[in-house]
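Trainee: According to the numbering used here, the sequence shown is numbered sequentially starting from 6.
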Amino acid sequence: MSLINFEHTIMVVDDDPDVLELLGIRINLLFSWEVIKESNAMDALETLGKRDIPIVITDINMPDMNGVDLLKNIKSLLKGTQVIVMTAGTSTINCIDCFRHGATDFLVKPFSEEDVKKVLNNAMERIERWKQFIQHRKVGEGFVWR
6 MSLINFEHTI MVVDDDPDVL ELLGIRINLL FSWEVIKESN AMDALETLGK RDIPIVITDI
66 NMPDMNGVDL LKNIKSLLKG TQVIVMTAGT STINCIDCFR HGATDFLVKP FSEEDVKKVL
126 NNAMERIERW KQFIQHRKVG EGFVWR
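1. State buried or exposed for PRO68, treating a residue as buried only when at least 16 other CB atoms are found within 10 Å of its CB.
2. Between the alpha carbons of SER81 and LEU75, how many angstroms are there, rounded?
3. Start and end of the alpha helix (DSSP H) containing THR52?
4. Within the same chain, show all residues whose beta-carbon is closer than 6 Å to that of ILE139, passing over the 5 residues directly before and after it, in chain order.
5. Taking C-beta to C-beta, are ILE58 and ILE32 nearer than 9 Å?
6. Taking contact to mean 3 or more Cβ pairs, one atom from each stretch, closer than 8 Å, check whether the region 118–134 and the region 33–53 are in contact.
7. How about MET91 and ASP64: are their beta carbons less than 9 Å apart?
8. Run the CB neighbour count on VAL61, radius 10 Å, all protein chains shown included, and call it buried at 16 or more, exposed below.
9. Whole angstroms are fine: how far does the CA of PRO115 sit from the CA of VAL73?
10. Taking the alpha-carbon positions, what's the CYS100 to VAL88 distance?
11. At which residues does the alpha helix (DSSP H) containing LEU27 begin and terminate?
12. Which one of LEU50, ALA93, GLY85 has the shortest CA to CA distance from GLY107?
13. Between the Cα of LEU83 and those of ASP20, GLU39, ASN45, ALA49, spot the shortest distance and give me the residue it belongs to.
14. What does the Cβ neighbour count give for TRP150, buried or exposed, with the cut at 16 atoms within 10 Å?
Right, here's the structure in full:
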């Protein structure tokens, strides 16, 4: 899949350095994208304040700020950013809360290469639809309905 003007960068946020490394390698092998790895939510938000990153994968359970709060902050900064949430548990409450606040998808640890590929392909499709929506909105702003 090729997306026009798609910045081939993804951010992964997890306090576990092994998960950061493994996921970074998998993403790079699958898509050859730049992977920005952040070990906490505050650093992730700082980076996102400086750079428009189209896809973020974040853990739910982190010490400084949980993934749901990070998700809310990302969505308030960058509405079109696709946020994929990952967790070792499968709490229904967490899933519902994440989707309610704009999560694109969910990864349950341990995840396979195929799981990663599937959620990232879905995120890219959503980015393309978001771009089309924005483009149609811009075109429609010039019209006056009588």
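Note that the Cβ used here is the ideal one computed from N, Cα and C, for glycine as well.
The structure presented is a predicted model; accordingly, all values stated were derived computationally and were not measured.
Mentor: Reading off the structure:
1. exposed
2. 10 Å
3. 46–55
4. So no residue of the chain qualifies.
5. no
6. Counting Cβ pairs under 8 Å, three or more are found: they touch.
7. yes
8. With 16 or more other Cβ atoms within 10 Å, it is buried.
9. 20 Å
10. If you take the alpha carbons of CYS100 and VAL88, they lie about 13 Å apart.
11. Start and end: 22–36.
12. GLY85
13. ALA49
14. Low per-residue confidence applies at TRP150: pLDDT is 48, beneath 50, and the placement is therefore not dependable enough to give any value.
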